[in-house]
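Undergrad: Numbering (full-length UniProt numbering), first residue to last: 1 to 135. Ideal placement from N, C-alpha and C gives every residue a C-beta, glycine not left out. This is the structure I want to talk about, given as structure tokens.
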């Protein structure tokens with residue numbers, strides 16, 4: 001029995017440490033720590049990179065998408081539903097996810113849609129300009 005209590009105490013201390021780290025990160029960056037991180041798939045076709053993000057229960061007005069060069073940041077919030085939760089397994093609260101795309105994109109050409117809890121963002125690849133050859 002003593003061993004089980006030691007494990008519970010260790011878990012409690014780890015939780016306190018996690019909260020303290022989040023608090024310090026907020027003090028350093030001014031950004032709230034994300035409560036969860038959405039799962040993503042990144043696909044590529046000839047002309048586009050396609051980002052698929054699982055965001056069940058997230059409303060379009062609660063999403064923010066920022067592109068900086070080939071770096072993409074997605075942030076938002078999933079609000080709790082009304083009622084009393086008897087079981088709560090799905091994540092809620094704020095989220096943030098930053099990805100580096102594998103190549104350059106044409107800035108400002110991203111197209112996004114949110115359907116059935118999946119965000120799809122298409123980024124047009126930037127084609128390289130031919131290099132002039134000196135003779």
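#1: Straight-line CA distance for residue 95 to residue 133?
#2: Quick one: Cα of residue 88 to Cα of residue 80, how far?
#3: Between which two residues does the beta strand (DSSP E) holding residue 124 run?
#4: If you reduce the DSSP assignment to three classes, tell me which class residue 66 lands in.
#5: Need the endpoints of the beta strand (DSSP E) that residue 49 sits in, please.
#6: Would you check if there are 3 or more beta carbon pairs closer than 8 Å linking the stretch 58–68 to the stretch 3–22?
#7: Look up residue 73 in the DSSP assignment and say whether it is helix, strand or coil.
#8: In angstroms with no decimal places, state the Cα-to-Cα distance between residue 83 and residue 115.
#9: Within a Cβ cutoff of 7 Å, which residues of the same chain sit near residue 100, ignoring the five residues on either side of it in sequence?
#10: Just to confirm before moving on: does the CB-CB distance between residue 105 and residue 90 stay below 7 Å?
#11: Around the C-beta of residue 85, are 16 or more other C-beta atoms found within 10 angstroms, so that it is buried, or is it exposed?
#12: Please name the residue or residues paired with residue 61 in a DSSP beta bridge.
#13: Provide the residue span of the beta strand (DSSP E) that contains residue 40, from first to last.
TA: In terms of the structure at hand:
#1: Indexing the chain shown from 1 puts residue 95 at position 95. Indexing the chain shown from 1 puts residue 133 at position 133. For residue 95 and residue 133, the distance between alpha carbons rounds to 48 Å.
#2: On the chain shown, position 88 is the one that residue 88 refers to. On the chain shown, position 80 is the one that residue 80 refers to. Each residue's Cα considered, the two are about 10 Å apart.
#3: Within the chain shown, numbered from 1, the residue matching residue 124 stands at position 124. 118–124 is the extent of the beta strand (DSSP E) around residue 124.
#4: For the purposes of this step, residue 66 is taken as the residue at position 66 of the chain shown. In this structure, residue 66 counts as strand in the three-state DSSP scheme.
#5: Locating residue 49 in the chain shown gives position 49, where the first residue counts as 1. Per DSSP, residue 49 belongs to the beta strand (DSSP E) from 48–54.
#6: Cβ pair count under 8 Å is below three, so no.
#7: Residue numbering aside, residue 73 sits at position 73 when the chain shown is read from its first letter. Secondary structure at residue 73: strand, using DSSP grouped into helix, strand and coil.
#8: Taking the chain shown and counting its residues from 1, one reaches residue 83 at position 83. Taking the chain shown and counting its residues from 1, one reaches residue 115 at position 115. Cα to Cα, residue 83 sits roughly 25 Å from residue 115.
#9: Taking the chain shown and counting its residues from 1, one reaches residue 100 at position 100. Result list for residue 100: 70 and 71, in chain order.
#10: Here residue 105 corresponds to residue number 105 of the chain shown, with the count starting at 1. Here residue 90 corresponds to residue number 90 of the chain shown, with the count starting at 1. No, the pair does not count as a contact, with Cβ atoms beyond the cut-off.
#11: In the chain shown, residue 85 corresponds to position 85, counting from 1. By the 10 Å Cβ count, residue 85 comes out exposed.
#12: Against the chain shown, residue 61 aligns to sequence position 61. Beta-bridge pairing links residue 61 to no other residue.
#13: For the purposes of this step, residue 40 is taken as the residue at position 40 of the chain shown. Judged by DSSP secondary structure, residue 40 falls within the beta strand (DSSP E) whose first and last residues are 40–44.
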